[in-house]
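**Student:** Residue numbers (this note's numbering), protein chains in the order written: chain A, 1 to 115; chain B, 1001 to 1110.
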């Protein structure tokens, strides 16, 4: 398919473990966003890439969260020393360009559970 | 941070009824507003992208309006069908970020 692909779909980790979540955007899409969605809430912005440049990481909740997109395509969101409050659905979205009139295309998300 | 409010939080309507939801946001520093439909076990799907005050967009039985001066957008569904059951999210943009509301959960009863 040509949509945004996220893996894994589900991840269970013990508190203190490191996890890595992958996002494969639509080919050629310049913009890539990561969101965190807690139960009962709307998606909350984590970080934004334009090609390989991370232009905004103001939404990352702590220095345990790190995101990269080294070649301007696939992106990885890494969470170190996971805590129970990190349990959430992590959504990735891409859009063709940086203009406001470009809709975002979302992946199915990764549901992270920290035990 | 933009304070985005969506109302109602949830809604149950009978098949064939028309309905509407509200998205409220600060009117200053407005860039654009997106509407998404999110069905259970699927990914959010873009419905509309709105940028100009007075914008009206339509897709089939669903339409949306935008008032940037007073900071609100309405989403209308005419003749609701069971397949319209989903959560409808609005997301105004401020700077690099989109700020999502908590959504309106619509259930259409056959």
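Note that beta-carbon positions come from the ideal geometry of N, C-alpha and C, so glycine has one too.
Computed from a predicted model, the values in this text were never measured in an experiment.
For residue 88 of chain A and residue 5 of chain A, I'd like the C-alpha separation in whole angstroms.
**Tutor:** 18 Å
**Student:** At a CB distance below 9 Å, what residues from the segment 42-65 of chain A approach chain B? Give them in sequence order.
**Tutor:** 42, 43, 44, 45, 48, 50, 55, 56, 58 and 59
**Student:** Could you please tell me which residues of the segment 1067-1097 of chain B, in chain order, have their CB closer than 7 Å to any CB of chain A?
**Tutor:** Taking 7 Å as the upper bound on Cβ-Cβ separation, chain A lies near residues 1089, 1093, 1096 and 1097 of the segment 1067-1097 of chain B.
**Student:** Any Cβ of chain B within less than 7 Å of the Cβ of residue 116 of chain A?
**Tutor:** This structure gives no information on residue 116 of chain A, because the portion of chain A shown stretches from 1 to 115.
**Student:** CA-CA distance, residue 1105 of chain B and residue 1087 of chain B?
**Tutor:** 4 Å
**Student:** On the DSSP bridge list, what partners appear for residue 1072 of chain B?
**Tutor:** Residue pairing of residue 1072 of chain B in beta bridges, as defined by DSSP: B:1024 and B:1067.
**Student:** Anyone know if the C-beta pair for residue 1100 of chain B and residue 1089 of chain B falls short of 7 Å?
**Tutor:** With contacts defined as CB atoms closer than 7 Å, residue 1100 of chain B and residue 1089 of chain B qualify as a contacting pair.
**Student:** Below 7 Å between beta carbons: does that hold for residue 56 of chain A and residue 1096 of chain B?
**Tutor:** yes
**Student:** Counting only C-beta atoms, is residue 120 of chain A closer than 7 Å to chain B at any point?
**Tutor:** A question about residue 120 of chain A goes unanswered here, because the residues of chain A that appear run from 1 up to 115.
**Student:** In chain order, what residues of the same chain lie with their CB nearer than 7 Å to the CB of residue 22 of chain A, ignoring the 5 residues before and after it?
**Tutor:** 6, 7, 74 and 76
**Student:** At the level of alpha carbons, what is the spacing between residue 1013 of chain B and residue 1052 of chain B?
**Tutor:** 31 Å
**Student:** Tell me which residue opens and which closes the beta strand (DSSP E) that residue 1037 of chain B is part of.
**Tutor:** 1032-1038
**Student:** Evaluate residue 63 of chain A with the Cβ neighbour count: other Cβ atoms within 10 Å of its Cβ, from every protein chain shown; 16 or more gives buried, anything less gives exposed.
**Tutor:** Here residue 63 of chain A is exposed, its C-beta having fewer than 16 other C-beta atoms within 10 Å.
**Student:** Could you check the C-alpha separation between residue 1043 of chain B and residue 49 of chain A for me, to the nearest Å?
**Tutor:** 20 Å
**Student:** Pull the bridge partners of residue 30 of chain A from the DSSP assignment, please.
**Tutor:** Answer is none; residue 30 of chain A lacks a bridge partner.
**Student:** For residue 119 of chain A, which of A:111, A:36, A:26 and A:69 has the nearest alpha-carbon?
**Tutor:** The requested residue 119 of chain A does not occur in the structure, where chain A is confined to residues 1 to 115.
**Student:** Mapping the DSSP letters down to three states, classify residue 1082 of chain B as helix, strand or coil.
**Tutor:** helix
**Student:** Check whether the segment 1034-1042 of chain B touches the segment 89-98 of chain A, counting contact only when three or more Cβ pairs, one atom from each stretch, lie closer than 8 Å.
**Tutor:** no
**Student:** Grab me the residues of residue 26 of chain A's own chain with a C-beta within less than 7 Å of its C-beta, minus the 5 sequence neighbours each way, in chain order.
**Tutor:** Once the five neighbours on either side are set aside, the close Cβ partners of residue 26 of chain A are 2, 3, 4, 94 and 105.
**Student:** Can you find a CB in chain A that lies within less than 7 Å of the CB of residue 1064 of chain B?
**Tutor:** Under the 7 Å criterion on CB atoms, residue 1064 of chain B is classed as non-interfacial with respect to chain A.
**Student:** If we cut at 7 Å on Cβ distances, does residue 68 of chain A have a partner in chain B?
**Tutor:** no
**Student:** Going by DSSP, what residues sit across from residue 1094 of chain B in a beta bridge?
**Tutor:** B:1097
**Student:** Keeping to the same chain, check which residues put their C-beta closer than 7 Å to that of residue 1115 of chain B; ignore five residues upstream and five downstream.
**Tutor:** The first residue shown for chain B is 1001 and the last is 1110, placing residue 1115 of chain B beyond what the model contains.
**Student:** Helix, strand or coil, according to DSSP, for residue 86 of chain A in the structure here?
**Tutor:** helix
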